[in-house]
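Student:
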Amino acid sequence: MKSSRGSLDIEKELMLTAHIDYNRVSIQYNPSVASLYEDALLYEHGSAITSTGALAAFSGEKTGRSPKDKRIVNNPESCEKVWWGPVNSKANIPRIKEYIMSHSVWLINRERAIDYLNTQKRIYVFDGYAGADEKYRIKVRVISSRAYHCLFMMNMLIRPSNNDVCSQKPDFVIYNAGSFPANRYTVGMTSRTSVAINLEDREMIILGTEYAGEMKKGILTFMFYLQPVLYNVLTLHSSANEGKNGDVSLFFGLSGTGKTTLSADPERYLIGDDEHCWSDTGVFNIEGGCYAKCVDLSQEKEPEIFNAIRFGAILENVIFDPVTRVVNYSDISITENTRCAYPIEYIPNAKIPSLTNKHPKNIILLTCDANAILPPVSKLTSDQVIYNFISGYTSKMTGTEDGVTEPQPAFSACYGEPFLVLHPIEYAVMLSEKMKKHNSDAWLINTGWIGQSFLKGGKRCPLKYTRIILDTIHSGQLAKAEYQTFPVFNFQIPKYIEGIPSEILNPLESWNGTKEEFYKNLHKLAYLFIENFEKYKDMATQNILDAGPIIQ
Numbered sequence: 002m003k004s005s006r007g008s009l010d011i012e013k014e015l016m017l018t019a020h021i022d023y024n025r026v027s028i029q030y031n032p033s034v035a036s037l038y039e040d041a042l043l044y045e046h047g048s049a050i051t052s053t054g055a056l057a058a059f060s061g062e063k064t065g066r067s068p069k070d071k072r073i074v075n076n077p078e079s080c081e082k083v084w085w086g087p088v089n090s091k092a093n094i095p096r097i098k099e100y101i102m103s104h105s106v107w108l109i110n111r112e113r114a115i116d117y118l119n120t121q122k123r124i125y126v127f128d129g130y131a132g133a134d135e136k137y138r139i140k141v142r143v144i145s146s147r148a149y150h151c152l153f154m155m156n157m158l159i160r161p162s163n164n165d166v167c168s169q170k171p172d173f174v175i176y177n178a179g180s181f182p183a184n185r186y187t188v189g190m191t192s193r194t195s196v197a198i199n200l201e202d203r204e205m206i207i208l209g210t211e212y213a214g215e216m217k218k219g220i221l222t223f224m225f226y227l228q229p230v231l232y233n234v235l236t237l238h239s240s241a242n243e244g245k246n247g248d249v250s251l252f253f254g255l256s257g258t259g260k261t262t263l264s265a266d267p268e269r270y271l272i273g274d275d276e277h278c279w280s281d282t283g284v285f286n287i288e289g290g291c292y293a294k295c296v297d298l299s300q301e302k303e304p305e306i307f308n309a310i311r312f313g314a315i316l317e318n319v320i321f322d323p324v325t326r327v328v329n330y331s332d333i334s335i336t337e338n339t340r341c342a343y344p345i346e347y348i349p350n351a352k353i354p355s356l357t358n359k360h361p362k363n364i365i366l367l368t369c370d371a372n373a374i375l376p377p378v379s380k381l382t383s384d385q386v387i388y389n390f391i392s393g394y395t396s397k398m399t400g401t402e403d404g405v406t407e408p409q410p411a412f413s414a415c416y417g418e419p420f421l422v423l424h425p426i427e428y429a430v431m432l433s434e435k436m437k438k439h440n441s442d443a444w445l446i447n448t449g450w451i452g453q454s455f456l457k458g459g460k461r462c463p464l465k466y467t468r469i470i471l472d473t474i475h476s477g478q479l480a481k482a483e484y485q486t487f488p489v490f491n492f493q494i495p496k497y498i499e500g501i502p503s504e505i506l507n508p509l510e511s512w513n514g515t516k517e518e519f520y521k522n523l524h525k526l527a528y529l530f531i532e533n534f535e536k537y538k539d540m541a542t543q544n545i546l547d548a549g550p551i552i553q
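Put into structure tokens, the structure is as follows:
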């Protein structure tokens, strides 16, 4: 990728802003995909070209995010706006100081990262955009020591199509020194890993983890702060697609709930698979690529994703035949969190540029309930969608975070708590206002287990059933269906959907056990919801509180 700026300009800029010595370090600026392949194969252990042309790379010891090692720097300008930990109360900040990084510690880690980058023979610098809407986009610079990391971010950011990006200073800079550990004896460090974001300096430092997903989620975290505070634009951890008639759907959910899979619909245009903003003029993708889970991937079940794995794409932590280089997507001996990163244009029906001037018709909350309690689909009231959006219930899926080896019930505010900067209520209020203004419908879809829990041998809801549910939502048929009330949670669940056995739609009927056992587990889950929402009660309206589960 050629630029109008000479290499010397970039070298001088990096020397000025980060003291990177271009006399000792070769700086590869906006390199080509082919050259990154070459460097990865030459210098990075375990890299290989797979049978479809994708680059296989290994992320080292960490194969998932490290949320316990993530910090936001405590700066005067943003301190009052940041939701410091579980409770957004300044009086409670001393009790949760482990969430906060002082500016002095930030400077120590920044210096450590830059010192490491200065020891390398070559580093990679990529300038791209975050945000498909030019009015709200930011320029992001990624500085890394691995070709794999550079190519990953070339896929995940919006690549510049002209030289404009090269003539601007970056709005956000990532220093990825993940191959080098943090100093555990520095104040506030909990391990050899440190992922730190400075909202005022607009920088991110990565130490002690080579998992590439930390970079994309760091940008999302920054956008969760920047867009609402500066532009009154709602940032969302969601996927989005658009029908041929212009109807837009947003899919909210944590990793492993199906955002990427379900938004890749051959009958609809893909806007994006993970990170979006909802402005007064419509919806736009933050990213320029997709980051799909690969476990048990097949051409039959997910043809769009399967066919996107070709030259230019990166496969993370997969096992392949050493001779044929054919990937075994069922082999999870390294991690269950096998992933593929590819440019969004690799999806045949992707919308380029990735934005729309239409507003969402359907808001879809995705959960993966490992307890087999929640229905496959429920129609939500306006208050129920806000209650469940703030709750963000799911089962934390294996591999998406370091150390998670079996599904665990979890609540993640706004379906993205690790990435939030403001209090969840602030995002919920913005969502509620936009839904009312644009008359959006809301649904809760459970892509998790049916019949029995994961631990007791239940089976995950077949993908084909979930796709049928989505088709009936998008066609408008499900909104006209006959409903019954699901107990305790008071959701409205359809009695019949063509192509799906009726007993599947009601968990009480599909339960492989006694009725008493089901209600015991139902009440147990309801209590978890109620307990989790306690921390939001003071800021929530009574209508929202009444929209939660009610145990008689």
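In terms of the numbering used here, the sequence shown opens at residue 2 and continues consecutively. Using N, Cα and C, we set each Cβ at its ideal position, and we do this for glycine too. Fair warning: this is a prediction, and the values are worked out from it, not measured in the lab.
#1: Is it true that the CB of Ile446 sits closer than 8 Å to the CB of Val378?
#2: Starting from Lys516, follow the alpha helix (DSSP H) in both directions and report where the run begins and ends.
#3: Using the Cα positions of Tyr130 and Arg468, report the straight-line distance between them to the nearest angstrom.
#4: If I follow the unbroken beta strand (DSSP E) through Cys278, where does it start and stop?
#5: Relative to the alpha-carbon of Thr336, which residue among Asn318, Ile345 and Tyr330 has its alpha-carbon at the smallest distance?
#6: What ranges does the beta strand (DSSP E) occupy inside the stretch 401-452, keeping only unbroken runs of at least 3 residues that lie completely in it?
#7: When you compare only the Cα positions, how much space is there between Thr542 and Thr236?
#8: Is the stretch 173-187 in contact with the stretch 24-36, if contact means three or more CB pairs nearer than 8 Å?
#9: To which residues does DSSP link Ser195 through a beta bridge?
#10: For the beta strand (DSSP E) that Gly290 lies in, which residues bound it at each end?
#11: Buried or exposed: which applies to Leu17, given that a residue is buried once 16 or more other Cβ atoms fall within 10 Å of its Cβ?
#12: Ignoring anything shorter than 4 residues or poking outside the stretch 351-406, list the alpha helix (DSSP H) runs there in chain order.
#13: Where does Asn110 sit, in a helix, a strand or coil, going by DSSP?
#14: Alpha carbon to alpha carbon, how far is Pro495 from Tyr416? Give it in angstroms, no decimals.
#15: Keeping to the same chain, check which residues put their C-beta closer than 7 Å to that of Thr486; ignore five residues upstream and five downstream.
#16: Is it right to say Asn233 is buried, meaning 16 or more other beta carbons lie within 10 angstroms of its own, or is it exposed?
#17: Label Leu9 either buried or exposed according to how many other C-beta atoms from any shown protein chain fall within 10 Å of its C-beta, with 16 as the threshold for buried.
#18: With DSSP as the reference, label Lys91 as helix, strand or coil.
#19: Which residues does DSSP list as the beta-bridge partners of Val230?
#20: Sort Arg113, Leu56 and Leu118 by Cα distance to Asp1 and report the nearest one.
#21: Would you mind reading off the limits of the alpha helix (DSSP H) that contains Phe173?
#22: Quick one: what does DSSP say Met580 is sitting in, helix, strand or coil?
#23: Can you confirm whether the stretch 211-228 touches the stretch 257-264 when touching is taken to mean that 3 or more C-beta pairs between the two stretches lie within less than 8 Å?
#24: State yes or no: is the C-beta of Trp444 within less than 8 Å of the C-beta of Ile365?
Tutor: Per the coordinate set shown:
#1: Yes.
#2: Counting along the chain, the alpha helix (DSSP H) containing Lys516 begins and ends at Lys516 to Phe534.
#3: The alpha-carbon atoms of Tyr130 and Arg468 are separated by roughly 32 Å.
#4: Residues Glu276 to Ser280.
#5: Of Asn318, Ile345 and Tyr330, the residue nearest in Cα terms is Asn318.
#6: Positions of the beta strand (DSSP E) runs, each at least 3 residues long and wholly inside the stretch 401-452, are given as 409-412 and 442-447 in order along the chain.
#7: The straight-line gap from Cα to Cα measures roughly 22 Å.
#8: At 8 Å Cβ cutoff, the stretches do not touch.
#9: Leu208, per the DSSP bridge assignment.
#10: First-last of the beta strand (DSSP E) with Gly290: Gly290 to Lys294.
#11: A residue is called buried when at least 16 other Cβ atoms come within 10 angstroms of its Cβ; Leu17 does not meet this threshold and is exposed.
#12: List check, alpha helix (DSSP H) in window: 383-392.
#13: Here Asn110 sits in helix by DSSP.
#14: Roughly 24 Å between the two C-alpha positions.
#15: Around Thr486, the same chain offers Gln493 as residues with beta carbons nearer than 7 Å, after the five sequence neighbours per side are excluded.
#16: By the Cβ-count criterion, Asn233 is exposed, with fewer than 16 other Cβ atoms from all chains shown falling within 10 Å of its own Cβ.
#17: Per the 10 Å Cβ criterion, exposed.
#18: Here Lys91 scores only 35 on pLDDT, less than 50, and its place in the model is too uncertain to base an answer on.
#19: Paired residues: none, contrary to the question.
#20: The chain is shown only over 2 to 553; residue 1 falls outside these bounds and no answer can be derived.
#21: Segment Phe173 to Ala178 is the beta strand (DSSP E) holding Phe173; no alpha helix (DSSP H) there.
#22: No statement about residue 580 is possible, as the shown extent of the chain runs from 2 to 553 and does not include it.
#23: Too few Cβ pairs lie closer than 8 Å, so no.
#24: Note that the C-beta distance between Trp444 and Ile365 is below 8 Å.
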